[in-house]
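Trainee:
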Amino acid sequence: MNLAFLKGFVAYMQDMRRMLCFKRKGNNLFMLVCEDKNRQRETFYFDLTRQQSSIFTSEGQILGEEFCAPFDLKLASLNGAMIEELRLDGENRILQFLLLQKESYKMRHFYLVCEFTGKHTNVILCDKHWVVIEALRHIPRHKSWREVRIGQVLKPLPQPALKQTNAPLGFEELSFALRENYKKSYQKSRQAKKEQILHILRLKRSSLSHALSSLPCYDKLLEHAALYAHYGELIFGSLHLLSTHKITSSSLILQDGNAKVEIPLPQNMRDLQEVGNWYFTQSKKYRKRALHLDIQIENLQDKIDFIDKQIALIERFDDLSEPFSQALKNKRTKSTEALYINGFKVSIGRNAKDNQRLLALAKADDIWLHIRDVPSAHGIIHCGKQMPSSDTLQKVAEILIGLYVQRKGVGDFVVDWTRRRFVKPASGGKVSYAKHKSISYRVQSGNALRLLET
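At position 155 of the sequence shown the residue is numbered 155 (UniProt numbering), and the sequence of numbers has no breaks.
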């Protein structure tokens, strides 16, 4: 981040009148949404990573994560504040927003300080007297002469000894630099994160495939069930012929018709009655496992197929990989895939049964989505009475389409959405619904997924 870029950014921002939000989207990534005097909105992203700080723009909104730390709650109090001044701290690479927020009974001034310096990279919120209210990074006195602590006055950084003569970037140069910064910083980190997500998904798929291949054969299970039941019958049928019921060896030889059968005796058994009961119990377990083996195989195969769809989606559509990183943090395997988009939990059905289960679990005010006229995954946005933003609805719709088209699918698709209360299950895993709205998309060859005007 050079000084000429920041000077150009300050000059460009002079037309901005209101800060609609300054929100954290990643550990060190912030989204700034401003409004100019004509009420036109513009969105910028501030990357405050140490030694890699930058400002960039993106064609689409970056989803990111939802943060609820005290620092983020304080930033939320700035929503809608008037931008009275934006300036540089002399020759330091520090942006200083002077904001005016109208509260219920008074008006308050704040300083939002964004420091793009190598060592002191930080975001600090101060009152009008430069007393620190909150900060991204709290710096105690024993670590630096410049303390950043709540309730303490923020000391200014010293100015560079040599004054730089870089002229501010012009509008065209700044626009180009904002796009290039996106490619250099965010796209690079997003690609690394995408590879990490794919790696985790492939490991998960490998584990499920191993579990599937390790399942016992149906006939073998029934064979074990019959054998153990026979052992139990022999033991109980021979108890009256034995001199003692105590266990004195590791096996027991009993007469079975004209043949003799050697029965292994499990350890830690008190007597032969307990051994007989144990064999009957094991026989029931093997028979029950055999009866449910097809369900277990189907469940594992459904999970593998769904992971294959996720991998194909992430490989094809870069912009749709971010929500899956949150889901992979949950180590418990669930019947539905839980994503988190703009603070809302989103459930995606893996198959027809999962779609029905989602519908049964969803509340009346939750949002239900599906692709019109095609058998595909259904989505539920668990929002209650709160209405998700259009960006959230569109992102969920894109994920549903991405899971459907996967690798090579193309064409026009319509995603319908409505409140859960207007959706009724029908026979064959189908549904009927009313009072819906629609989002249209066109999927072209490559990784192009474009929203169509309706």
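Even glycine gets a Cβ: it sits at the ideal position worked out from N, Cα and C.
(1) Does DSSP put residue 425 in a helix, in a strand, or in coil?
(2) Contact between the segment 315 to 326 and the segment 431 to 451 is defined here as three or more beta-carbon pairs at a separation below 8 angstroms; is this criterion met?
(3) Going straight from the alpha carbon of residue 379 to that of residue 393, what length do you get?
(4) Any chance the segment 418 to 426 sits against the segment 358 to 372, with 3 or more Cβ pairs inside 8 angstroms?
(5) Could you check which residue in 236, 204, 9 and 136 has the C-alpha nearest to that of residue 42?
(6) Can you tell me the Cβ-Cβ gap for residue 54 and residue 185, rounded? I've got them flagged as a contact below 8 angstroms.
(7) Answer yes or no: do residue 289 and residue 221 have a C-beta to C-beta separation smaller than 9 angstroms?
(8) Identify, in the order they occur along the chain, each residue of the same chain with its Cβ nearer than 6 angstroms to the Cβ of residue 150, setting aside the five sequence neighbours on each side.
(9) Return the chain-ordered ranges of every alpha helix (DSSP H) run that is complete within the segment 178 to 251 and spans a minimum of 4 residues.
(10) Can you list, in chain order, the residues of its chain whose CB lies under 8 angstroms from that of residue 436, leaving out five sequence neighbours each side?
(11) Could you say which of 45, 101 and 91 lies nearest to residue 18 if we only look at CA atoms?
(12) Flag this pair as yes or no: are the beta carbons of residue 67 and residue 181 separated by less than 9 angstroms?
(13) Can you look up residue 355 in the DSSP assignment and give me helix, strand or coil?
(14) Would you kindly report the start and end of the unbroken beta strand (DSSP E) that includes residue 127?
(15) Can you name, in chain order, every residue of its own chain whose Cβ lies under 8 angstroms from the Cβ of residue 376, other than the five neighbours on each side?
(16) Which same chain residues end up closer than 8 angstroms to residue 322 when comparing Cβ atoms and leaving out the 5 residues on each side of it in sequence?
(17) In chain order, what residues of the same chain have a beta carbon less than 6 angstroms from the beta carbon of residue 20, not counting five sequence neighbours either side?
(18) Could you say if the segment 260 to 267 and the segment 197 to 216 meet the contact criterion of at least three C-beta pairs nearer than 8 angstroms?
(19) Identify whether residue 7 lies in helix, strand or coil by the three-state DSSP scheme.
(20) Are the CB atoms of residue 272 and residue 293 within a distance shorter than 9 angstroms?
(21) Using the beta-carbon count (16 or more within 10 Å), is residue 283 buried or exposed?
(22) Using the beta-carbon count (16 or more within 10 Å), is residue 355 buried or exposed?
(23) Give me the residue from 280, 311 and 216 with the minimum Cα distance to residue 203.
Mentor: Looking at the coordinates:
(1) strand
(2) yes
(3) 10 angstroms
(4) yes
(5) 9
(6) 5 angstroms
(7) yes
(8) 132
(9) Annotation note: the segment 178 to 251 contains the following uninterrupted alpha helix (DSSP H) runs of length 4 or greater, listed N- to C-terminal: 187 to 213 and 218 to 238.
(10) 416, 417, 418 and 422
(11) 101
(12) Judged by their CB atoms, residue 67 and residue 181 are not nearer to each other than the 9 angstroms cut-off.
(13) Reduced to three states, the DSSP call for residue 355 is helix.
(14) 122 to 127
(15) 370, 400, 403 and 404
(16) 62, 63, 64, 190 and 193
(17) 33 and 35
(18) no
(19) helix
(20) no
(21) buried
(22) buried
(23) Of the listed residues, the one whose Cα sits closest to residue 203 is 311.
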